[in-house]
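Asks: Numbers 19 to 104, taken from the working numbering, label the letters of the sequence shown in order. The beta carbon of each residue, even a glycine, is placed where N, CA and C say it ideally should be. Below you will find the structure I want to go over with you.
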Amino acid sequence: MVSLLCSNVRNRPGYGQLYISDSSEARNRRMENNQACLHSVMEKLDTLLRSINQSAESYLQMHQLMQSNPSVNVKMVLMEHPDFDL
């Protein structure tokens with residue numbers, strides 16, 4: 019299965035998958051594609067993204083639900099609202 023939360027062997031974790039990874043693992047993945055960046059900057063960005071990205075907590079909750087109930091299909095639907103900047 020390939021999705022925002024699940025990666026297969028050929029695909030490395032990215033995007034939403036990094037929010038369910040350990041912070042240091044996520045930073046290392048991001049550094050692979052941004053080798054000119056400072057590790058300290060990536061660490062601060064990871065902390066910031068996890069704290070302000072409204073989807074980050076949802077990704078983590080969905081991952082935990084999938085781990086505890088493997089037979090359950092989980093979907094996240096993002097709905098556009100005219101008053102929000104999406």
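Output yes or no for whether 8 Å exceeds the beta carbon distance between MET84 and MET94.
Replies: Taking 8 Å as the Cβ cut-off, MET84 and MET94 do not qualify as a contacting pair.
Asks: Is GLN53 helix, strand or coil when you go by DSSP?
Replies: coil
Asks: Please go through the same chain and pick out, in chain order, the residues whose beta-carbon is closer than 6 Å to the beta-carbon of ARG45, but skip the five residues on each side of it.
Replies: MET60, GLU61, ASP64
Asks: For the alpha helix (DSSP H) containing HIS99, list its first residue and its last residue.
Replies: Careful: HIS99 lies outside any alpha helix (DSSP H) and carries neither H nor E.
Asks: Express the C-alpha separation of GLU98 and LEU150 in angstroms, rounding to a whole number.
Replies: With the chain covering only 19 through 104, there is no way to say anything about residue 150.
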